[in-house]
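Let me begin by presenting the structure, written as structure tokens, before commenting on it.
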Amino acid sequence: MITAVLLLSLLQSAPNTLTPAEKAAGWQLLFDGRTFTGWRGVGYDTVPTAHWVVVNGTIKKIASGDVPRVADGRPLVGGDLMTRDSFADFELTFEWKITPGANSGVKYNVSEAMSIAQGGAGTQGGPTHSALGFEYQVLDDARHEDGKLPSHRSAALYDLIAPNVGAQHAAPLLHPVGEWNRSRIVFRGNHGEHWLNGQKVVEFELGTARMDSALAASKYKTIPGFGQKRRGHIVLQDHGDEVYFRDIKVRPL
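Structure, rendered in structure tokens:
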């Protein structure tokens, strides 16, 4: 006899796959577990494979200390990894794990043209390879300096809204370094949500006084149109640290 636990395990999909129910609901895989099909670097036609690799069913960001060097000893420029497709209203789920002290993120509402025009994070006089967009922060909160700032902690809408992961939760929501976390982003119209391991931790509405105030106090305040809703790309951030992503799925809404 098949037990309830075994039946549940059979109904759940393995990483980087879709169940029949997910397919029927309109979910799409953004990562097939084997290749970079559907991805390219920001400002590139291809994936910067000196910085990003597929390993054991995951997308791995290679740490900057392990990438090739240019003539003066600096790391070869890498850059954020971007979906070729763009999305307006969507639900996104993904799993991620970090190494000690690591920093990364998943960006959305990204305009590649704006990123390049504004210079992003800047790259040695060439075109930027750093995306500008709303960011779901991925961080080792305990070890990274950014963990001291509430709006820079894991699952935050980076530099805008801190995650609500306080005492109302029976146990810490963020899993330990080296373990997988499951995240969800919902973006429909002007409404956005961030979820971490099954709990909603951020909710916002574009165009409200709260959001306008957050934007005005943020690092994005001088970027024209940054806070406007658009059909944008989904991006995995290259912050120079070793991180892993898998089971990346999107459902247009």
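Each step along the sequence shown adds one to the number in my numbering, with nothing skipped, and position 243 is 250.
Built from N, CA and C at the ideal position, the CB exists for glycine as well.
Computed from a predicted model, the values in this text were never measured in an experiment.
Query: Within this structure, are the beta carbons of I66 and L139 separated by less than 8 Å?; Result: no
Query: Output the distance between the C-alpha atoms of R253 and G112, rounded to the nearest integer angstrom.; Result: 13 Å
Query: Mapping DSSP to helix, strand and coil, what is L39?; Result: Before going on, a small fix: residue 39 reads as Asp here, not Leu. Here D39 sits in coil by DSSP.
Query: Buried or exposed, going by whether 16 or more other CB atoms sit within 10 Å of the CB of G132?; Result: Only weak support exists for where G132 lies, its pLDDT of 43 falling under 50; the coordinates are left without a value.
Query: With DSSP collapsed to three states, give me the class of K236.; Result: coil
Query: Using DSSP with H/G/I as helix, E/B as strand and the rest coil, what is R47?; Result: strand
Query: Between V49 and G86, which are expected to be in contact by the criterion C-beta below 8 Å, what is the C-beta distance as a whole number of angstroms?; Result: 5 Å
Query: Would you mind stating whether W202 and K104 have Cβ atoms separated by less than 8 Å?; Result: no
Query: Taking only three categories from DSSP, how would you classify L146?; Result: strand
Query: Pairs of beta-carbons, one from the stretch 50 to 65 and one from the stretch 215 to 222, closer than 8 Å: are there three or more?; Result: no
Query: Indicate the three-state DSSP secondary structure (helix, strand or coil) for I308 in the structure shown.; Result: This structure cannot speak to residue 308, because the chain is shown only from 8 to 260.
Query: With DSSP collapsed to three states, give me the class of D245.; Result: coil
Query: Taking the continuous alpha helix (DSSP H) assigned at R160, which residues delimit it?; Result: Careful: R160 lies outside any alpha helix (DSSP H) and carries neither H nor E.
Query: Mind checking whether D148 and L181 have CB atoms under 8 Å apart?; Result: yes
Query: Taking its Cβ as the centre, do 16 or more other Cβ atoms sit within 10 Å of V77, making it buried, or is it exposed?; Result: exposed
Query: Which value, in whole angstroms, describes the spacing of the CA atoms of N23 and H159?; Result: 28 Å
Query: With a threshold of 16 other CB atoms inside 10 Å of the CB of V172, please say whether the residue is buried or exposed.; Result: buried
Query: Does DSSP classify L14 as helix, strand or coil?; Result: Note that L14 scores a pLDDT of 45, beneath 50, so its modelled location is shaky and nothing firm can be said.
Query: What are the start and end residues of the alpha helix (DSSP H) that includes G30?; Result: It is Lys, not Gly, that sits at residue 30 in the sequence shown. Per DSSP, K30 belongs to the alpha helix (DSSP H) from P27 to A31.
Query: Can you check DSSP and say which residues form a bridge with I66?; Result: V61 and F252
Query: Return helix, strand or coil for V74, following the three-state DSSP convention.; Result: coil
Query: DSSP state of I123, grouped into three classes?; Result: helix
Query: If we call anything under 8 Å between Cβ atoms a contact, is K256 one with N116?; Result: no
Query: Alpha carbon to alpha carbon, how far is L25 from D79?; Result: 46 Å
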